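As structure tokens, the structure follows; a few thoughts come after it.
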Amino acid sequence: MIYKILIADDEKIVVDSIKFILENNLKENIEITTFLSGREALENLLFYQYHIAFIDIKMPDLDGLELIEEYRKLRNSEFPLFIIVSAYDKFEFAIKAIKEKAFAYILKPYSIDDILSTIKLAMSQVEQILAKTRENIEKNAQLIVMRNLLENSFIPTLIFKNAFDIVDINQYEKIFGINLKSGFLCVLTLKDKSDFVLNFRELDNIRKDMRILFEHKALISIGMGEYLICFFPAKDQKEADLLKEKVQEILKQKPYWNNIKIGFSDLYYLEEGYENAFWEAYYNILDLDTPDDKEENEHSLLLIENLEAKLIHSINNPTQVPLIENYINQLHKLYVEVFGENNLKYKMIKLIIMLLLETGATNKEESFDIEKVITEILNADAHRILEISKRAILALFGKAKVNHEQIINNDSINKAIDFINQNYNQEISLAQISATFNFNPYYFSKLFKKYTGVSYKTYLTKLRIQKACELLKNSSKSIKEIAFLVGFSDPNYFIKAFKKFVGVTPSAFRNMPEQLI
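Next comes the structure, spelled out in structure tokens:
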């Protein structure tokens, strides 16, 4: 095996001497990376896997013990084994090194034997850890496969269906081992899309590679065989910007870099949804050669988004559907203009699946068979694709109309609204309230929006903001206290949401004269 070793010390002579001792005295295969800065060493440790790390205890930008402490906060890993190198023979340093779980503590000036005896003990420990890991690989193989499948299916839910409303997000954070409450999206596609099958295989290979590169730092999925969607968690915009730079820096070293296009979104919060983040990242990978091209493409994309939204709105309110065929004709034309005939079939399949999900129908129900529809579209020319798509979508609208008539007299929503009004300051997810009133979460979400005109999330947020306005004007409690009192777990998100709905920050609102409110 190859032992990957990192050496960090602000004195180059120390770095060079340890590297020289290791390279000239060890029989084992080693790969050494060196740094003269604690901060650079930490950033590298967070993105690359090392078995052993020699760290100077005193560096001007970030000392060794601080580096280990920060690393332990951000990574839960047995590697690397940290070896502290220090000229300070002080008891408190040794105690802190033990507290931070350093493997060993070497004093300067050190001898060759000091370095070699310590590194050999460390290598022995590495072997033990790896042996234990290998024993668990077969046991975990099935779980890894299931996690990958779950990840690939969860991404669309996270982005397009607002996972915060539908699933227990805390449970998924435990499964994936990352924060899902804030972050940014990256969309990656190939420049040459002439062969769909080869395109899919290449994207799948890149996805596998990125899962290795960004293990436990991102969720990655293939979207309709056309692009990769990657979610990277970040607590603020500064961290998001640093991560974007690092992602590009890593991918630029890959042989496929010149064959891909990549786009990023800004930082978004789960509570506001990640759908806009997806479109923001997606627009950044389009071929826009001139300002006129850019304006024309942006206009076409907005038309597509608007028409798709109209179809979804109509299928959720299927009492009047005279324009449905017109919508489908326009989308067919725009799909060809913007994405080309080669991608038409996949765009239409995606649209039908979106509408299928909106109706809550099963894959095979009555006369509608989604597998048969997909097969027909895949084997049809552009004209036949339009005919097949119309037939399938109109069948879905017929199903939606039946569902609509069945629920029109249901009064459960009024009871749910009363429950929300009384418990707005508690953590009441869509999944919880749906279970309370015996509904499927996704179906309840559609039903709630149909009756109230807004989504469950928007209704709850507006109610909390309304209660916050009352507290801001009628109490002296701090903004942080008010955020918690009305049900927000994150004061920063409370401020952002407040400004979105009210137009000003909580502080500005509190100071506004009554006549201006």
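Per full-length UniProt numbering, the very first residue in the sequence shown carries number 1; after that it's consecutive. Each residue gets a CB set at the ideal place from its N, CA and C atoms; glycine is no exception. None of the values given here were measured: they were computed from a predicted structure.
Excluding five sequence positions before and after I465, the CB atoms of its chain that fall closer than 7 Å to its own CB belong to A497, F498, F501, V502, given in chain order.
Here the alpha carbons of I30 and D16 stand approximately 15 Å from one another. One thing to note: K19 has its Cβ no nearer than 8 Å to the Cβ of I2. The beta carbons of K310 and Y327 sit about 6 Å from each other, so the pair counts as a contact at 8 Å. Distance check between G38 and each of N25, L67, A53, E28 places L67 closest, using alpha-carbon atoms only.
When DSSP states are grouped into helix, strand and coil, V126 belongs to the helix group. Taking 8 Å as the cut-off, the beta carbon of P60 is found no closer than this to the beta carbon of D113. Taking 8 Å as the cut-off, the Cβ atoms of G487 and N438 do not count as close. About 5 Å separates the CB atoms of L307 and L331; that is less than 8 Å, so the two are in contact. Excluding five sequence positions before and after K244, the CB atoms of its chain that fall closer than 6 Å to its own CB belong to F264, given in chain order. By the C-beta criterion, the stretch 124-131 is judged not to be in contact with the stretch 387-401, since fewer than 3 inter-stretch pairs fall below 8 Å.
When the beta-carbon positions are compared, A87 and F103 stay at least 8 Å from each other. Per DSSP, the unbroken beta strand (DSSP E) holding A53 starts and ends at 52-56. The DSSP-derived three-state label of A380 is coil.
Counting of Cβ neighbours within 10 angstroms places E249 among the exposed residues, the total staying below 16. Spatial neighbours of S475 in its own chain (CB-CB distance under 8 Å, excluding positions within 5 residues in sequence) are listed in chain order as I482. Going by DSSP, I229 is part of the beta strand (DSSP E) stretching over 227-233. Between F232 and G183, the CB-CB gap stays under 8 Å. The Cβ atoms of L344 and A382 sit closer than 8 Å to each other. In the DSSP assignment, the residues bridged to G183 are P233, Y268. With contacts defined as CB atoms closer than 8 Å, I352 and F397 fail to qualify as a contacting pair.
Taken through DSSP and simplified to helix, strand or coil, G38 comes out as helix. Contact between I420 and L460 holds, since their C-beta atoms are separated by about 6 Å, short of 8 Å.
Under the DSSP assignment, F339 falls in the alpha helix (DSSP H) whose first and last residues are 324-339.
Contact annotation, I83 with I52: C-beta distance approximately 7 Å; criterion of less than 8 Å satisfied. By the neighbour-count criterion, in which 16 or more other beta carbons inside 10 Å mark a residue as buried, K446 falls on the buried side.
Distance from the CA of A400 to the CA of E202, rounded to the nearest whole angstrom, comes to 38 Å. In this structure L42 is in contact with Y71, their Cβ atoms being roughly 6 Å apart against a cut-off of 8 Å.
When only Cα atoms are considered, L394 and K457 end up about 30 Å apart.
A residue is called buried once 16 or more other Cβ atoms fall within 10 Å of its Cβ, and K174, having fewer, is exposed. Following the DSSP letters along the chain, one finds Y3 inside the beta strand (DSSP E) bounded by residues 2-8. Secondary structure of F488 (DSSP, three-state): coil. The C-beta distance from Y268 to A281 rounds to 10 Å, too long to fall under 8 Å, and the pair is not in contact. Cα atoms of P80 and I220: separation of roughly 26 Å, rounded to the nearest angstrom. If the five residues before and after I385 are omitted, its C-beta is found closer than 7 Å to the C-beta atoms of L344, K345, M348, I377, all from its own chain and listed in chain order.
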